[in-house]
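**Q** Quick one: the structure is below, questions incoming.
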Amino acid sequence: MKWLMHVKFKIMIVCLLSLILASCLQKKSVAKNVTITAAQIEMIAATVQEYCDTLVFFGTVYITSADAVVYEANCGPQNMQYDIANTTESKYRIGSNTKAFAATMLMKMLKGKDLRTQTIGDYLPWFPKNQCADVSLHNLLTMSSGINNYSDNEDVYDNYGWRPFLYDQTLNLNGPEDFSNRFCTCTEQDEKPTFTPALSINIVIVIIIWSAILLSK
Numbered sequence: 000m001k002w003l004m005h006v007k008f009k010i011m012i013v014c015l016l017s018l019i020l021a022s023c024l025q026k027k028s029v030a031k032n033v034t035i036t037a038a039q040i041e042m043i044a045a046t047v048q049e050y051c052d053t054l055v056f057f058g059t060v061y062i063t064s065a066d067a068v069v070y071e072a073n074c075g076p077q078n079m080q081y082d083i084a085n086t087t088e089s090k091y092r093i094g095s096n097t098k099a100f101a102a103t104m105l106m107k108m109l110k111g112k113d114l115r116t117q118t119i120g121d122y123l124p125w126f127p128k129n130q131c132a133d134v135s136l137h138n139l140l141t142m143s144s145g146i147n148n149y150s151d152n153e154d155v156y157d158n159y160g161w162r163p164f165l166y167d168q169t170l171n172l173n174g175p176e177d178f179s180n181r182f183c184t185c186t187e188q189d190e191k192p193t194f195t196p197a198l199s200i201n202i203v204i205v206i207i208i209w210s211a212i213l214l215s216k
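Just so we're aligned, residue 0 is where the sequence shown starts under numbering that gives the first Met the number 0, counting upward by one.
This is the structure in structure tokens:
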């Protein structure tokens, strides 16, 4: 019985801390326009130049103050393999930040449709006719698809780290090109999801209900 009281106490502390943090940050989350002085811009330019000269930073710096652009600079190559320099028009890979944009666009394009019934196979006809083709778009959006994370495969970095197809205009990257077929089609996980999404969701619901019962006592 003591362990149950101990768990209940821990959950209450976590909830209390969350409420305190939320109330503290609420009034500080509004961005304000700050005027950047000429001296500050000069200091920024000197720092960026030092980082560029020592090859510590490759990329683009873009700073605004109010409605005006006060400083911009490009540093180093965008792509070493193809010797392409960074410009203000350069496009960068932003990792998992793309997930929010992709999810927003998908939900807007499929507005009115039940994403729990729309599957991978419905939209990617080239996808192998395995169990993963039946995974719903809802599962993809909630990261409960059971499809392995391709970045966990060392072959991704060994053979695709340089992205050899990046500037090949003859490839259709929306179709069944080599990368997608090798790493995103469940061929290396017995042609099926590694878990049943519904089971995972049920477990989460059970945990939430259990926590609520503890807090109510």
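Idealized CB from N, CA, C, for every residue including glycine.
Rank 67, 77, 188 by C-alpha distance to the C-alpha of residue 57 and give the top, closest one.
**A** Measuring from the Cα of residue 57, the nearest candidate turns out to be 77.
**Q** Between the Cα of residue 120 and the Cα atoms of 139, 103, 104, which residue gives the shortest distance?
**A** Comparing Cα positions, the closest option is 139.
**Q** Give a yes or no on whether the C-beta atoms belonging to residue 43 and residue 70 are separated by under 8 Å.
**A** Yes, these two residues count as a Cβ contact at 8 Å.
**Q** I'd like the span of the alpha helix (DSSP H) that includes residue 120, first residue to last.
**A** From DSSP, the alpha helix (DSSP H) with residue 120 extends over 119-122.
**Q** Which same chain residues end up closer than 6 Å to residue 73 when comparing Cβ atoms and leaving out the 5 residues on each side of it in sequence?
**A** Excluding residues within five positions, the ones whose Cβ falls inside 6 Å are 59, 85, 86.
**Q** In chain order, what residues of the same chain lie with their CB nearer than 6 Å to the CB of residue 61, ignoring the 5 residues before and after it?
**A** Once the five neighbours on either side are set aside, the close Cβ partners of residue 61 are 71.
**Q** Kindly indicate the opening and closing residues of the alpha helix (DSSP H) around residue 43.
**A** Per DSSP, residue 43 belongs to the alpha helix (DSSP H) from 37-52.
**Q** Does the separation of the CB atoms of residue 182 and residue 155 fall below 8 Å?
**A** Against a cut-off of 8 Å, the Cβ pair of residue 155 and residue 182 comes out as a contact.
**Q** On the criterion of 16 or more Cβ atoms from any shown chain inside 10 Å, does residue 136 qualify as buried, or is it exposed?
**A** Residue 136 comes out buried.
**Q** Near residue 106, what residues of its chain come up, given a Cβ to Cβ distance below 8 Å and the 5 sequence neighbours on each side ignored?
**A** So the list reads 114, 140, once near-sequence residues are dropped.
**Q** Taking 8 Å as the limit between beta carbons, can you name the residues of its chain near residue 185, skipping five residues before and five after?
**A** Closer than 8 Å at Cβ, skipping near neighbours: 127, 129, 130, 131, 146, 147, 191, 192.
**Q** Please go through the same chain and pick out, in chain order, the residues whose beta-carbon is closer than 7 Å to the beta-carbon of residue 122, but skip the five residues on each side of it.
**A** Counting only Cβ-Cβ distances below 7 Å, and skipping sequence neighbours, we find nothing.
**Q** Taking the alpha carbon of residue 33 as the point to measure from, which residue in 41, 178, 49, 67 has its own alpha carbon closest?
**A** The residue with the shortest Cα to Cα distance from residue 33 is 67.
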